[in-house]
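**Student:** Submitted below is the structure of interest, expressed as structure tokens.
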Amino acid sequence: MNNSALSLEQTPPLAVPLLFMLTAPLFPVLASMVAMAYPESLYNRWDPAMLTITHLLTLGFITMVMVGALQQLFPVLVGVRLENPLLFSRVIYASLMTGTLILCSGFLLLTPVLTGAGALLLGGSLLWLIIKLMSSLIRSDATGHVTVGMRLALLSFLLTVSFGLYLTAGYTLPQVPLQRSLTSLHIRWGLFGWIGLLIFTVSYQVVPMFQVTPKYPDKMIRWLAITMFSSLVLITIIRLTGLLPHNLDSGIVFACECLMLSGFTLFALVTLRLQQQRRRKVADVTMDFWRFGLSCLLLALLMLALANAAQISIGDTDLVVGALLIVGFAMSLITGMLYKIIPFLVWLHLTNTIDISARWQMRIPNMKKIVPDKHARNQWRLHLLAVCLIMLSLMISSLMISSLVFAASAAFMLSNLYLAFNLIRGAAVYQRFVRQFNLAETD
Amino acid sequence: MTEGFFDYLDVSEFPAPEPLQMALEAGEQLTPGKFLHLHHRRYPRLLFGHLERRGFEYDTRCGPFDSCKVFIWRKEDNQAYQQVLIAAADYPGWPE
């Protein structure tokens, strides 16, 4: 007999992940408003409005969804249930939301007090989250590669937050020197560590599960995240200590960067290959989001490789690569996955309510009916248009066409409002079903 | 597919959560003396809690090419259980 069943009690209440996932699209809407108000900001990475937009997307959307997903995934993948999950998630959610808004207001209004207050709120809550999740991982009996991947992603998150807090201190406190050179480490750990490694780890589980592909190669699952993390550690040590002779340290950093570019290229190519090999080749909007997102990743990596190796620059490379990685790659993959995760969670919790009520003959709405494919596909088209317009705006920055920025921002805003509508409508199916059939709720 | 003492259900080409939904629905259709032979491409971790709450027992085995076989029968259906013992003997136990 097999006793590896997941108990009902291990699944966190539905409100835990939904709180984060349903709010996340509103932050890109705010980012669009900022871009509309300050179109010139798109051409300078240090512009206060650009810093605001970047953090609304990375903290408000990407981190918001990933933190919600982590709280859902922990019991399922690691076998650890967090204590008081609802209270914990509400505190983290409130701090993440208000902290992001205050931090971004500080950037936009050039008010260091606000920036500092937002950073403190974010730093405190995110460090609490990281420590709680890490201690749960250490206590857990799970020893698989998922656990390793999550540990490395959380350590990367810890370093991203730490560098962010130090940079904010330099910006807000006169006694702390502002070391802008640390920004590159903050970005590297954030994009390639926290976001990249968590996407790797989650992909190894969800791509075969939701897209019916073959498994990722075992060696890749075992070594890729570790190699990427080690490269980031080496780059950080060299950048921070400066102990090695200049030629040697730039050589090692270059080698590590090449290794990272190769690793992320490998991830994109293997995922695309696995998706080609899926068993049922039925139309699926998630696949479109993923293929586009992975293509954006490959393009960003190519541009980085060219910029590093041959000093070739297309437009403002930093901004274009940043947009490709944040909006093109991460947001596309996350949006595509939300179209699977939300219906899946609604379905799972409805199945649990049926179990509790012992009304096993009841039929739960099909996944496709929870978020209708037609609406998901319309939103996909808007997303594609928005990303293309954003890239176009950045590539022809010298012409300063503010109407193009306005069009890109409007498309991006509509796309995210549509996403919010789709997700909220999908989540509402749970409440409607429970009320309609007078079922006992799991939460 | 029905074959004498058991219903055979291959869910290996369906995305989550369809295999789980199909398995639970097939379980509800089991008549006395019959068991369900479920063929899945991966270990269906989420399925087992639902089976237990719905009054089923199960035995998980390794299938060919890393697939997973789950034999499902109603609790206290001794006739079905005896048939499972025979059918499951062809496959090694799933490693814990």
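Taken in sequence, the protein lines are chains A and V. Position one of the first sequence corresponds to residue 291 (my numbering), numbered consecutively onward. Position one of the second sequence corresponds to residue 333 (my numbering), numbered consecutively onward. Beta carbons are placed, not taken as given, at the ideal position from N, Cα and C, and that holds for glycine.
Taking 7 Å as the CB-CB limit, is M510(A) close to chain V?
**Tutor:** As a first step, residue 510(A) must be located in the first sequence, where it is residue number 220. No, M510(A) does not count as interfacial toward chain V.
**Student:** Beta strand (DSSP E) containing R406(V): first to last residue?
**Tutor:** For the purposes of this step, residue 406(V) is taken as the residue at position 74 of the second sequence. Element bounds for R406(V): 400-406.
**Student:** Give the single residue among L589(A), K658(A), L587(A), Q465(A) whose Cα lies nearest to the Cα of D574(A).
**Tutor:** To locate residue 574(A), count along the first sequence from 1; it is residue 284. When only C-alpha atoms are compared, the closest one is K658(A).
**Student:** Rounded to the nearest angstrom, what separates G439(A) and P364(V) at their Cα positions?
**Tutor:** Numbered from its first residue, the first sequence carries residue 439(A) at position 149. Numbered from its first residue, the second sequence carries residue 364(V) at position 32. Computed Cα separation, rounded: 46 Å.
**Student:** Are there 16 or more other CB atoms within 10 angstroms of the CB of E389(V), so buried, or fewer, so exposed?
**Tutor:** Sequence index remark: in the second sequence, residue 389(V) carries index 57 (1-based). Burial call: buried.
**Student:** Of all the residues that make up the region 350-369 of chain V, which are near chain A by a beta-carbon distance shorter than 8 Å?
**Tutor:** Those residues of the region 350-369 of chain V that come within reach of chain A (Cβ to Cβ, closer than 8 Å) are E350, L352, Q353, L356, E360.
**Student:** State yes or no: is the beta carbon of P347(V) nearer than 7 Å to at least one beta carbon in chain A?
**Tutor:** Against the second sequence, residue 347(V) aligns to sequence position 15. Closer than 7 Å: yes.
**Student:** Short check: CB of M326(A) to CB of F696(A), under 7 Å?
**Tutor:** Position 36 of the first sequence holds residue 326(A). Position 406 of the first sequence holds residue 696(A). Yes; because the gap between Cβ atoms is below 7 Å, this pair is in contact.
**Student:** Measure from the alpha carbon of I660(A) to the alpha carbon of each residue in L356(V), L370(V), P427(V), P349(V), then state which is nearest.
**Tutor:** Position 370 of the first sequence, counted from the start, is the residue given in the question as residue 660(A). Nearest C-alpha to I660(A): P349(V).
**Student:** Determine contact between the region 487-505 of chain A and the region 469-479 of chain A, defined as no fewer than three beta-carbon pairs at a distance below 8 Å.
**Tutor:** No contact exists between the region 487-505 of chain A and the region 469-479 of chain A.
**Student:** Write down the C-beta distance between T491(A) and V436(A) rounded to the nearest angstrom, noting that I regard them as a contact closer than 8 Å.
**Tutor:** Mapped onto the first sequence, residue 491(A) falls at position 201. Mapped onto the first sequence, residue 436(A) falls at position 146. Sure, about 6 Å apart at Cβ, within 8 Å.
**Student:** Using 7 Å as the limit for Cβ to Cβ distance, is F286(A) near chain V?
**Tutor:** With chain A covering 291 to 733 only, the question about residue 286(A) has no answer from this structure.
**Student:** Return the chain-ordered list of same chain residues with a C-beta closer than 8 Å to the C-beta of F240(A), the five sequence neighbours on each side being excluded.
**Tutor:** This structure gives no information on residue 240(A), because the portion of chain A shown stretches from 291 to 733.
**Student:** For H382(V), go through chain A and note every residue whose CB falls closer than 7 Å to its CB, in chain order.
**Tutor:** Locating residue 382(V) in the second sequence gives position 50, counting from the first residue. Near H382(V) (Cβ distances below 7 Å), the residues of chain A are T641, D645.
**Student:** Comparing alpha-carbon positions, which option in F727(A), V366(A), G583(A), T526(A) lies nearest G381(V)?
**Tutor:** In the second sequence, residue 381(V) corresponds to position 49, counting from 1. Nearest C-alpha to G381(V): V366(A).
**Student:** So which residues of chain V does M657(A) contact, with C-beta pairs closer than 8 Å?
**Tutor:** Residue mapping note: residue 657(A) aligns to position 367 of the first sequence, counting from 1. What M657(A) touches in chain V: P349, E350.
**Student:** Just the Cα atoms here: how many angstroms apart are L411(A) and L304(A)?
**Tutor:** Taking the first residue of the first sequence as 1, we reach residue 411(A) at position 121. Taking the first residue of the first sequence as 1, we reach residue 304(A) at position 14. Approximately 25 Å, taken between the alpha carbons.
**Student:** Where does the unbroken beta strand (DSSP E) through L370(V) begin, and where does it stop?
**Tutor:** For the purposes of this step, residue 370(V) is taken as residue 38 along the second sequence, with counting starting at 1. First-last of the beta strand (DSSP E) with L370(V): 367-372.
**Student:** Starting from the C-beta of V636(A), find all residues in its chain whose C-beta is less than 7 Å away, skip the five residues before and the five after it, and write them out in chain order.
**Tutor:** Within the first sequence, residue 636(A) is the residue found at index 346, counting from 1. Taken in chain order, the residues that qualify are I660, G716, A717, V719, Y720.
**Student:** At 4 residues or longer, what runs of the alpha helix (DSSP H) sit wholly inside the region 382-450 of chain A?
**Tutor:** If we require 4 residues or more, the alpha helix (DSSP H) runs fully inside the region 382-450 of chain A come out as 402-429.
**Student:** Three-state secondary structure (DSSP) at S328(A)?
**Tutor:** As a first step, residue 328(A) must be located in the first sequence, where it is residue number 38. Strictly speaking, residue 328(A) in this sequence is Tyr, with Ser absent from that position. In the structure shown, Y328(A) sits in coil (DSSP, three-state: anything other than H, G, I, E or B).
**Student:** Going by CA-CA distance only, name the one from L704(A), T641(A), L709(A), I686(A) that's closest to F727(A).
**Tutor:** Mapped onto the first sequence, residue 727(A) falls at position 437. The residue with the shortest Cα to Cα distance from F727(A) is T641(A).
**Student:** Quick one: list the residues of chain V neighbouring F619(A), beta-carbon separation under 8 Å, in chain order.
**Tutor:** The residue labelled residue 619(A) in the question sits at position 329 within the first sequence. Ordered by position in chain V, no residue passes the 8 Å Cβ test against F619(A), which lies about 23 Å from the chain.
**Student:** Write down the C-beta distance between L406(A) and T462(A) rounded to the nearest angstrom, noting that I regard them as a contact closer than 8 Å.
**Tutor:** Indexing the first sequence from 1 puts residue 406(A) at position 116. Indexing the first sequence from 1 puts residue 462(A) at position 172. The sequence given here places Gly at residue 406(A); Leu does not occur at that position. With a Cβ gap of about 4 Å, G406(A) and T462(A) count as contacting.
**Student:** Taking Cβ-Cβ distances below 8 Å as the criterion, which residues of the region 560-572 of chain A are in contact with chain V?
**Tutor:** Residues passing the 8 Å Cβ filter: R569, R570.
**Student:** For the beta strand (DSSP E) containing L341(V), list its first residue and its last residue.
**Tutor:** The residue given as residue 341(V) occupies position 9 in the second sequence. That run of the beta strand (DSSP E) goes 338-342.
**Student:** Taking the continuous beta strand (DSSP E) assigned at E360(V), which residues delimit it?
**Tutor:** For this step, residue 360(V) is matched to residue 28 along the second sequence. Careful: E360(V) lies outside any beta strand (DSSP E), inside the alpha helix (DSSP H) at 350-360.
**Student:** Taking 7 Å as the threshold (beta carbon to beta carbon), is R385(V) in contact with chain D?
**Tutor:** Looking for chain D here will not work: the only protein chains present are A and V.
**Student:** Please say whether L362(V) and L378(V) have beta carbons closer to each other than 7 Å?
**Tutor:** Counted from its first residue, the second sequence places residue 378(V) at position 46. Counted from its first residue, the second sequence places residue 362(V) at position 30. No; because the gap between Cβ atoms is not below 7 Å, this pair is not in contact.
**Student:** In the DSSP assignment, what are the bridge partners of E547(A)?
**Tutor:** Locating residue 547(A) in the first sequence gives position 257, where the first residue counts as 1. Bridge partners of E547(A): none, in fact.
**Student:** State the CB to CB distance for the pair K366(V) and F337(V), rounded to an integer number of angstroms; the pair is presumed to be in contact (CB under 8 Å).
**Tutor:** Residue 366(V) sits at position 34 when you count from the first residue of the second sequence. Residue 337(V) sits at position 5 when you count from the first residue of the second sequence. Indeed they touch by this definition, with Cβ atoms about 6 Å apart.
**Student:** R374(V) touches chain A at which residues, Cβ-Cβ below 9 Å?
**Tutor:** On the second sequence, position 42 is the one that residue 374(V) refers to. Near R374(V) (Cβ distances below 9 Å), the residues of chain A are P498, M499, K505.
**Student:** Kindly indicate which three-state DSSP category R393(V) falls into: helix, strand or coil?
**Tutor:** Stepping through the second sequence from its first residue, residue 393(V) is reached at position 61. R393(V): strand per DSSP, three-state reduction.
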